[in-house]
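First up is the structure itself, then whatever we jot down about it.
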Amino acid sequence: MVSRTATAELDIVSLSLTTYGIAGLPTELGKKVASALGVIEEAIARYGPSHLALSFNGGKDCTALMHLVRAALYKHSTDCGDATGSSAPLVSLYIQYKKSFPEMDAFVQKSIAHYDLELVKRGGPMKQGLQSFKDSFPDIHAIFVGTRRDDPYGDK
């Protein structure tokens, strides 16, 4: 279980240990978490943490992905000799749509401090928002996007 302090800060050490603990389990979930972490670790190794971003709209898929990315970034920083596991804010792209849910917008705003996000808002649809982001952040070489294989819009 990931713990939080009284100020609701994320305990990144517990998050990382728990996530990698799940990845080490001989279960279907463990295999899927290990596979996802492998992809994230490959991106970190290939591009470097400062050249990565996360698409984050507060939904369950990208929130789960954010946990995985945060865990992998923490592990990477400690593996590179940073005993504190500190990392820079995670650049995060929020594609805004005209018909957003106020509760989702509130969760996104709360997540900025909680997960140490540098949130960049762009208008939708996704393709135009990604292009606008890419034009504004040329040093970002890869963006993590959380979607399910069975998402009806995941292939667009």
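Quick note on my numbering: the sequence shown kicks off at 38 and runs consecutively.
Just so you know, even glycine gets a beta-carbon here, dropped at the ideal spot from N, CA and C.
Handout entry: Given lysine 97 as reference, the closest of Met141, His178, Asp176 once Cα atoms are compared
Key = Across the set Met141, His178, Asp176, the C-alpha of Met141 shows the shortest separation from the C-alpha of lysine 97.
Exercise for the section: Using three-state DSSP, classify glycine 166 as helix, strand or coil. Expected result: The DSSP-derived three-state label of glycine 166 is helix.
Practice task
Helix, strand or coil for tyrosine 134, going by three-state DSSP, please let me know.
Solution key: In the displayed model, tyrosine 134 falls within coil according to three-state DSSP, outside both helix and strand.
Problem - Contact between the segment 136 to 151 and the segment 87 to 97 (3+ Cβ pairs under 8 angstroms) - result: Output reads yes: the segment 87 to 97 touches the segment 136 to 151.
Problem - Assumed close pair glycine 161, leucine 130 - CB separation to whole angstroms, cut-off 8 angstroms - result: Rounded to the nearest angstrom, the Cβ distance from glycine 161 to leucine 130 is 11 angstroms, too far for a contact under 8 angstroms.
Problem - Three-state secondary structure assigned by DSSP to glycine 160 - result: For glycine 160, the three-state secondary structure derived from DSSP is strand.
Practice task
Determine contact between the segment 45 to 56 and the segment 79 to 91, defined as no fewer than three beta-carbon pairs at a distance below 8 angstroms.
Solution key: No, the segment 45 to 56 does not touch the segment 79 to 91.
Problem - Chain-order list of residues whose beta-carbon lies under 8 angstroms from that of isoleucine 81 (same chain, five-residue window excluded) - result: Closer than 8 angstroms at Cβ, skipping near neighbours: Leu89, Ala109, Leu110, His113.
Exercise for the section: In angstroms with no decimal places, state the Cα-to-Cα distance between threonine 115 and aspartate 48. Expected result: Rounded to the nearest angstrom, the two C-alpha atoms are 15 angstroms apart.
Handout entry: Identity of the residue in Lys158, Ala150, Lys69 nearest lysine 135 by Cα
Key = The shortest Cα separation from lysine 135 among Lys158, Ala150, Lys69 belongs to Lys158.
Exercise for the section: Take the Cβ of leucine 127 as the centre, count every other Cβ of all protein chains shown within 10 Å, and call the residue buried at 16 or more, exposed below. Expected result: By the neighbour-count rule (16 or more Cβ atoms within 10 Å), leucine 127 is buried.
Exercise for the section: Report yes if the CB atom of isoleucine 59 is closer than 8 angstroms to the CB atom of glycine 67, and no otherwise. Expected result: Cβ atoms of isoleucine 59 and glycine 67: closer than 8 angstroms.
Problem - With 16 other Cβ atoms within 10 Å as the buried cut-off, status of aspartate 187 - result: By the Cβ neighbour-count rule, aspartate 187 is exposed, with fewer than 16 other Cβ atoms within 10 Å of its own.
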